[in-house]
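Here the sequence shown stands for residues -21 to -1, 1 to 543, numbered as in mature numbering (1 follows the signal peptide of the UniProt record, and there is no 0).
The structure appears right after this line, and notes come after that.
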Amino acid sequence: MHKFYLITLLTACLAVTKAPACTNFLLTKGATKDGSTMITYAADSHVLYGELYHWPAGTWAEGTMMDIYEWDTGKYMGQIPQASQTYNVIGNMNEFQLAIGETTYGGLEELASQSGAIMDYGSLIYTTLQRAKTAREAIVVMTDLVAKYGYASSGESFSICDPNEVWILEMIGKGEGEKGAVWVARLVPDGYVCAHANQARITTFPLKGKDVITSDNMDKIYNKEVTTVYAKDVISFAKAKGFYPKNAKDSEFSFSDTYNPLNFGAARSCEIRVWAFFNAVNGDMAQYWDYAKGKIVKDDKGYATNRMPLWIQPDRKVDVLEVMDFMRDHLEGTELDMSKDPGAGPYECPYRWRPMSFTVDGKEYVHERATATQQTGFSFVAQCRSWLPNAVGGILWFGVDDAASTVYFPMYTCATRVPESYAVGNGSMMEFTTDAAFWVFNQVTNFAYTRYNAIHPEIRAKQKDLEKQYADYVALIDKAAADMYAQNPALTVDYLTDFSCNTGDRLVEDWRNFYGYLFCRFMDGNIKTAVPGEKNPKVEQPQLPEWYLRNIIEVAGDKLQALE
């Protein structure tokens, strides 16, 4: 194994309490069946409690200050001036259908800390959602906040979308001695999809042209011709710090290769998730499979030459239900399918408990890191629909725990409250309660992990049925709400709030009962089926697979052999 991959894995393990390892997919209007824009986000962390945040809209007196707390740790970071007007925010989406997600890539170690900085990546997201109406305005707010108050996180990729546009913004702090960050933002072309998963993905980018501006000309970002925006010193800073040769051409500068150089681990555990999404929508991705497995070809500058494009054009348009399922991938259908090697056990469980690497006979090996993972706190599909009023158009399809076992329910982002079962303060990572969605879903999911190929199919069937029901409900609710909005916007907000909250709370009640059903049916290694008219159920006790039984005998030997 490559030494640098071991370092990558060690760093990830040490950072587990600091930053989630996440996955984002980005879809433009021309890539979806209904013409909506979408971004997805799985917030994956072993210590992130899954709950649905809410900041109500507000007006603030001049001179009001806003406290900033680091999202990952709750640490107090400082204060910044409050905006005079803030917007309603539900999770990672606001009342104007602006949505923001992220994945942490880390980047160069010497840029990871910045003394005195106030804005961590989480606070940057949620503060921006309260202050911006569009993706372009969000880029202005985010870059302005870190310039003024410093950037207190390591490298991040941000997904930013509104009803009409989808952008990717990649940022890394300047380290000690200089406040702020360097960054590049690019508009995803309509009809294309993009993704990122803990590895910076913007490489070279246009430096000049009518569609390009730098941070010196941010007032021009609202010109719809502009598709690339970058910090004016993103290259000069790298040269001054020795990250990029002083005599190298600016036109050949790659943000990712400079600030977050690729290695085996970055491809195998990060880029492979991007590949899985791209492969699901485009039949020409086999050419990048070796790269996704970690076989990187580099040029004399150390730049990877065989990496995937930043965005691709899908073979077909997709709907929101398909996008939900993209978040549930375990590398099925590939040679690395996590349910097919002995690590899956006799019940074909496509999960591997951490750590992700292990040593046998002096050789290093790895477990795969797929899109769906056990340590997800929450995930969502943000759907923005330009043909509807903002109060009706914005939906955050929200779920907690492992995306493969969650159920995404529709949360209209005009809502003035969230379901009690998903609300902040209802339980915590070390405070169990069956009133909280996070714990109810974890009960079902963790029970399924014990006998995955028997239990998960029942979860999957119920999941598909519920999500299809919700999609059908939304189609009807949209029509009624759009008509109502034209007559009474306030009543429409109340109506959509009630629908969202009732749907979420009913789902948790349903899932709580579902756990009881599964436990009765599958406890003690049995599979029990009720028999109408009979007191006792039918009981099945499936045999373990032959390969597993042979492994038992190879280890245990003759001591288990039956005697005549």
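No residue lacks a Cβ here, since even glycine has one placed at the ideal position from N, Cα and C.
Assuming residue i and residue j make a contact with CB atoms under 8 Å, what is their CB distance in whole Å?
i: F359; j: G378; result: 7 Å
i: C363; j: D141; result: 6 Å
i: Y238; j: L87; result: 6 Å
i: S235; j: T182; result: 5 Å
i: G483; j: F388; result: 5 Å
i: K153; j: F216; result: 7 Å
i: I47; j: I97; result: 5 Å
In chain order, what residues of the same chain lie with their CB nearer than 6 Å to the CB of residue i, ignoring the 5 residues before and after it?
i: L523; result: P325
i: H435; result: A427
i: N421; result: D380
i: M197; result: V119
i: R252; result: T2, A176, T350
i: R110; result: A62, V120
Return the CA-CA distance between residue i and residue j, expressed in angstroms with no decimal places.
i: S92; j: P293; result: 38 Å
i: W376; j: M390; result: 6 Å
i: T19; j: L542; result: 58 Å
i: Y527; j: E488; result: 38 Å
i: M121; j: S94; result: 19 Å
i: I275; j: P334; result: 24 Å
i: G192; j: I200; result: It is Ile, not Gly, that sits at residue 192 in the sequence shown. Their Cα atoms are separated by approximately 7 Å.
i: T508; j: R529; result: 30 Å
i: Y130; j: D51; result: 14 Å
i: Y32; j: A383; result: 22 Å
i: Q540; j: Q520; result: 21 Å
i: N73; j: A10; result: 23 Å
i: E231; j: Y223; result: 10 Å
i: A219; j: K225; result: 7 Å
i: W268; j: E327; result: 23 Å
i: F256; j: P511; result: 44 Å
i: Q448; j: N467; result: 27 Å
i: S132; j: A265; result: 35 Å
i: K8; j: I69; result: 22 Å
i: R180; j: E49; result: 25 Å
Tell me which residues share the same chain as residue i and place their Cβ nearer than 7 Å to its Cβ, disregarding the 5 neighbours each side in the sequence.
i: P35; result: N67, T395
i: A450; result: V299, L300
i: A461; result: L367, P368, V371
i: I139; result: I79, A114, A117, I118, W146, L148
i: D284; result: Reading off the sequence shown, one finds Thr at residue 284, where the question assumed Asp. Around T284: V276, K277, D278.
i: S233; result: T182, T183, Y282
i: G159; result: V125, A126, G129, Y130, K153
i: K441; result: F493
Determine the extent of the beta strand (DSSP E) in which residue i is found, giving its start and end residues.
i: Y391; result: 388 to 391
i: K220; result: Segment 213 to 220 is the alpha helix (DSSP H) holding K220; no beta strand (DSSP E) there.
i: Y238; result: First-last for Y238: 234 to 238, but that is the alpha helix (DSSP H), not the beta strand (DSSP E).
i: M502; result: Looking at the DSSP string, M502 is not in any beta strand (DSSP E), and its letter there is neither H nor E.
i: A164; result: 160 to 166
i: Y209; result: 207 to 209
i: D23; result: 16 to 23
i: T350; result: Counting along the chain, T350 falls outside any beta strand (DSSP E), and DSSP gives it neither H nor E.
i: K8; result: Looking at the DSSP string, K8 is not in any beta strand (DSSP E), and its letter there is neither H nor E.
Got a sec, what are the start and stop residues for the alpha helix (DSSP H) residue i sits in?
i: Q442; result: 431 to 466
i: E533; result: 525 to 535
i: M121; result: 114 to 128
i: W254; result: 251 to 260
i: M45; result: From DSSP, M45 is part of no alpha helix (DSSP H) but of the beta strand (DSSP E) over 44 to 48.
i: S102; result: 100 to 108
i: D304; result: 299 to 305
i: G134; result: Run containing G134: none in the alpha helix (DSSP H); it sits in the beta strand (DSSP E), 134 to 140.
i: N369; result: 369 to 372
i: W146; result: Looking at the DSSP string, W146 is not in any alpha helix (DSSP H); the run it does join, the beta strand (DSSP E), is 145 to 152.
i: A271; result: 268 to 271
Quick one: does residue i have its CB under 8 Å from some CB of chain B?
i: P288; result: The structure shown contains no chain B; it is built from a single protein chain.
Taking the Cβ atom as the reference point for each residue, do residue i and residue j lie within a distance shorter than 8 Å?
i: W290; j: V213; result: no
i: E149; j: L166; result: no
i: T83; j: E155; result: no
i: T424; j: D23; result: no
i: F501; j: R439; result: no
i: T65; j: G101; result: no
i: T413; j: R491; result: yes
i: L77; j: K112; result: yes
i: V260; j: R307; result: no
i: E81; j: I104; result: yes
i: L310; j: E347; result: yes
i: E30; j: F417; result: yes
i: V397; j: C480; result: yes
Which residues in the same chain have their Cβ closer than 8 Å to the Cβ of residue i, if we skip the five residues on either side of it in sequence?
i: V534; result: none
i: L470; result: M463
i: K12; result: K296, V297, D298
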